[in-house]
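For the sequence shown, my numbering assigns the number 142 to the initial residue and increments by one for each residue that follows. The block underneath contains the structure these notes are about, expressed in structure tokens.
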Amino acid sequence: MEAVPARARAYVACVALCALWCLLPLPAARTPWWAVALPAALYAVCEYGLRRRFGGTFHPVLLAAAFLLPPPAAALVPLPGALLSRVEQRPRTLRRVWRAAELAVAVWCAGRAHGALGGRDSVLGCDFPYALLPCAAAVLAFCGVLALLDGGILALAERVPVRRAWRGLLSRSLAPIGVHGLVGLMMAVLWRSPFGPVAALLVLLPMCVSWWAFAQYHRERAAHQATIRALVQAVDIKDGYTRGHSERVGQASVMIAREMGMDDERVEVLRFAGILHDVGKLGVPTRLLRKDGPLTPEERRIIELHPEYGHEMVRGISFLGEARAAILHHHERVDGSGYPYGLAGGQIPESARVVAVADAFDAMTSTRSYSRARPVGAAVQELRRCAGRQFDREAVDALVRALAKQGWHPAVTADDTTSGPPAPDRPRSAAQSVGRGAP
Numbered sequence: 142m143e144a145v146p147a148r149a150r151a152y153v154a155c156v157a158l159c160a161l162w163c164l165l166p167l168p169a170a171r172t173p174w175w176a177v178a179l180p181a182a183l184y185a186v187c188e189y190g191l192r193r194r195f196g197g198t199f200h201p202v203l204l205a206a207a208f209l210l211p212p213p214a215a216a217l218v219p220l221p222g223a224l225l226s227r228v229e230q231r232p233r234t235l236r237r238v239w240r241a242a243e244l245a246v247a248v249w250c251a252g253r254a255h256g257a258l259g260g261r262d263s264v265l266g267c268d269f270p271y272a273l274l275p276c277a278a279a280v281l282a283f284c285g286v287l288a289l290l291d292g293g294i295l296a297l298a299e300r301v302p303v304r305r306a307w308r309g310l311l312s313r314s315l316a317p318i319g320v321h322g323l324v325g326l327m328m329a330v331l332w333r334s335p336f337g338p339v340a341a342l343l344v345l346l347p348m349c350v351s352w353w354a355f356a357q358y359h360r361e362r363a364a365h366q367a368t369i370r371a372l373v374q375a376v377d378i379k380d381g382y383t384r385g386h387s388e389r390v391g392q393a394s395v396m397i398a399r400e401m402g403m404d405d406e407r408v409e410v411l412r413f414a415g416i417l418h419d420v421g422k423l424g425v426p427t428r429l430l431r432k433d434g435p436l437t438p439e440e441r442r443i444i445e446l447h448p449e450y451g452h453e454m455v456r457g458i459s460f461l462g463e464a465r466a467a468i469l470h471h472h473e474r475v476d477g478s479g480y481p482y483g484l485a486g487g488q489i490p491e492s493a494r495v496v497a498v499a500d501a502f503d504a505m506t507s508t509r510s511y512s513r514a515r516p517v518g519a520a521v522q523e524l525r526r527c528a529g530r531q532f533d534r535e536a537v538d539a540l541v542r543a544l545a546k547q548g549w550h551p552a553v554t555a556d557d558t559t560s561g562p563p564a565p566d567r568p569r570s571a572a573q574s575v576g577r578g579a580p
């Protein structure tokens with residue numbers, strides 16, 4: 142974002158001044174120039190080359206510098222890499238200065254924490270396991286400073302509410318930076334050993350391989366999320382009356398799946414299933430989806446093809462797993478009267494039974510162009526009434542328990558300004574809520 146608020150620029154200037162203050166005692170440290178130049182050059186290579194190729198941030202070299210060098214010298218190590226790093230967004234100079242300054246301050250604080258607990262002596266003497274204590278203190282200081290400074294820039298530059306600016310920053314960074322801290326400790330010990338700096342550099346090879354694998358996983362996951370977002374946005378554009386419905390069905394499906402004791406991997410699959418359950422609407426004529434009046438038998442048969450359309454659309458997306466079955470069968474009924482295949486009871490995949498309950502619940506608790514939302518309590522009563530006939534009883538009970546613990550806040554999905562006022566209140570059963578195939 143080019144228009145950085147003045148208060149954010151002032152904040153960056155203050156952090157930069159703080160970084161310069163950390164460097165002031167550098168002449169008195171009497172550190173050999175090569176001892177600073179070598180890790181600085183190594184970090185610059187990692188920052189410019191590896192980060193550019195794989196993404197992410199590489200901290201082992203910075204933490205190794207904090208373990209090996211006096212704090213002012215360690216604070217100098219990240220500057221070349223941060224100032225020369227590639228920046229996509231403008232203003233690029235300000236972003237580089239910010240990155241260099243916050244890392245310098247964080248490394249300085251990590252070095253101070255490490256030195257205060259006798260960390261340099263423990264590294265020189267290979268005093269294990271005591272050396273882990275100063276290492277942990279340095280990692281905690283490093284993470285804490287980065288979280289503190291990043292929260293400030295979020296609040297000032299991105300206008301994130303203060304109550305949310307720092308939320309989760311420290312907890313999310315502790316685990317990955319903790320691993321980087323252990324690698325940095327290994328580098329520091331080998332650096333001071335008879336094997337010298339070359340052996341320390343070898344420690345980075347397996348770290349780079351694991352970093353590459355982790356980056357590939359995140360890229361694949363980001364591609365998955367982008368695919369799902371594109372499909373959901375296409376459905377929302379086609380049927381504006383149900384905008385937001387898919388995300389809420391995904392949320393309700395997650396609540397049910399967790400209450401049923403499913404593992405995290407299946408819970409994620411159920412989230413995908415809930416979000417994409419109506420993707421087949423892309424194959425249904427828009428005039429039918431937006432029709433306010435009753436559907437003719439022929440129109441209903443056309444709409445009832447949407448689960449099969451959806452299944453065909455996602456059949457080649459391997460990461461969806463059993464979500465594909467949920468998309469195909471989420472309109473089946475326990476008593477066998479559903480569609481498209483009239484499956485009954487245990488013949489219906491469990492994922493489809495979960496999504497069916499989530500779909501009906503959100504349909505009943507959301508306002509549409511043809512009816513108003515029902516209270517959550519009334520929707521729960523209707524689900525219980527239909528449990529064992531239309532819906533899986535276990536999934537209904539799981540949703541009821543989850544709602545008792547977490548509550549539910551349904552959003553209005555009808556566009557009242559363009560579609561006219563909602564229809565007067567009239568009773569809707571769960572079957573009527575999902576009767577169009579796409580609530």
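We put the beta carbon where it would ideally sit given N, CA and C, even for glycine.
Alpha-carbon spacing of residue i relative to residue j, whole angstroms
i, j, result
"Leu203", "Ala215", "7 angstroms"
"His447", "Phe502", "19 angstroms"
"Gly222", "Glu229", "15 angstroms"
"Ala398", "Leu540", "9 angstroms"
"Pro146", "Pro232", "12 angstroms"
"Gly518", "Cys527", "14 angstroms"
"Arg569", "Ala354", "Confidence in Arg569 is poor, its pLDDT being 46 and thus under 50, which makes the residue's placement too unreliable to answer from."
"Leu158", "Val344", "34 angstroms"
"Ala555", "Arg442", "For Ala555, the pLDDT reaches just 40, beneath the cut-off of 50, and the residue's location in the model is therefore unreliable, leaving the point undetermined."
"Leu161", "Val246", "9 angstroms"
"Ala154", "Ser226", "19 angstroms"
"Ala504", "Ala520", "9 angstroms"
"Leu273", "Leu331", "15 angstroms"
"Pro338", "Leu265", "14 angstroms"
"Ala169", "Pro212", "12 angstroms"
"Ala414", "Ala499", "11 angstroms"
"Asp557", "Gly322", "The pLDDT assigned to Asp557 is 39, lower than 50, so where the model puts this residue is not dependable; a value taken from the coordinates is nonetheless given after this. Using only the alpha carbons, I get a separation of about 55 angstroms."
"Ala371", "Asp262", "56 angstroms"
"Pro180", "Ala206", "7 angstroms"
"Ser387", "Val248", "45 angstroms"
"Trp582", "Gly385", "Here the chain covers residues 142 to 580 and nothing more, so residue 582 does not appear."
"Glu473", "Ala363", "32 angstroms"
"Thr559", "Trp549", "Only weak support exists for where Thr559 lies, its pLDDT of 36 falling under 50; the value from the coordinates is given anyway. If you take the alpha carbons of Thr559 and Trp549, they lie about 27 angstroms apart."
"Asp405", "Arg542", "19 angstroms"
"Asp377", "Val320", "42 angstroms"
C-beta atoms of residue i and residue j nearer than 8 angstroms
i, j, result
"Tyr152", "Gly293", "yes"
"His418", "Ile458", "no"
"Ala306", "Ala279", "no"
"Met401", "Gln547", "no"
"Phe460", "His365", "yes"
"Arg412", "Ser394", "yes"
"Phe208", "Cys250", "no"
"Val177", "Leu210", "yes"
"Leu167", "Leu217", "yes"
"Pro275", "Leu258", "yes"
"Ala288", "Leu310", "yes"
"Gly421", "Gly451", "yes"
"Gly325", "Pro481", "no"
"Leu290", "Glu243", "yes"
"Val410", "Gly462", "yes"
"Val373", "Ile416", "yes"
"Leu436", "Lys379", "no"
Range of the contiguous alpha helix (DSSP H) that encloses residue i
i, result
"Ser459", "From DSSP, Ser459 is part of no alpha helix (DSSP H); its letter is neither H nor E."
"Ser312", "Leu310 to Arg333"
"Ser263", "Gly260 to Leu265"
"Ala240", "Note on residue identity: the sequence assigns Arg, not Ala, to residue 240. Arg233 to Ala257 is the extent of the alpha helix (DSSP H) around Arg240."
"Gln392", "His386 to Glu400"
"Gly285", "Leu273 to Ala298"
"Tyr450", "His447 to Val455"
"Met505", "Glu491 to Met505"
"Arg407", "Asp405 to Leu417"
"Gly222", "Pro219 to Leu225"
"Cys163", "Ala147 to Leu164"
"Pro438", "Pro438 to Ile444"
"Trp175", "Trp174 to Val186"
"Val303", "Val303 to Ala306"
Opposing strand residues paired with residue i [DSSP bridges]
i, result
"Phe532", "Ala528"
Residue of the options minimising C-alpha distance to residue i
i, options, result
"Asp476", "Ala206, Ala464, Ala466 and Ile489", "Ile489"
"Leu346", "Arg171, Pro211 and Cys187", "Cys187"
"Asp533", "Glu491, Leu544, Ala149 and Ala340", "Glu491"
"Ile369", "Ala181, Arg313, Met327 and Arg465", "Arg465"
"Trp239", "Leu220, Trp249 and Cys250", "Leu220"
"Ala296", "Arg150, Ser314 and Asp405", "Arg150"
"Ala185", "Ala241, Arg525, Leu235 and Gly421", "Ala241"
"Ser312", "Val286, Gln531 and Val376", "Val286"
"Arg300", "Arg513, Ala144 and Pro516", "Ala144"
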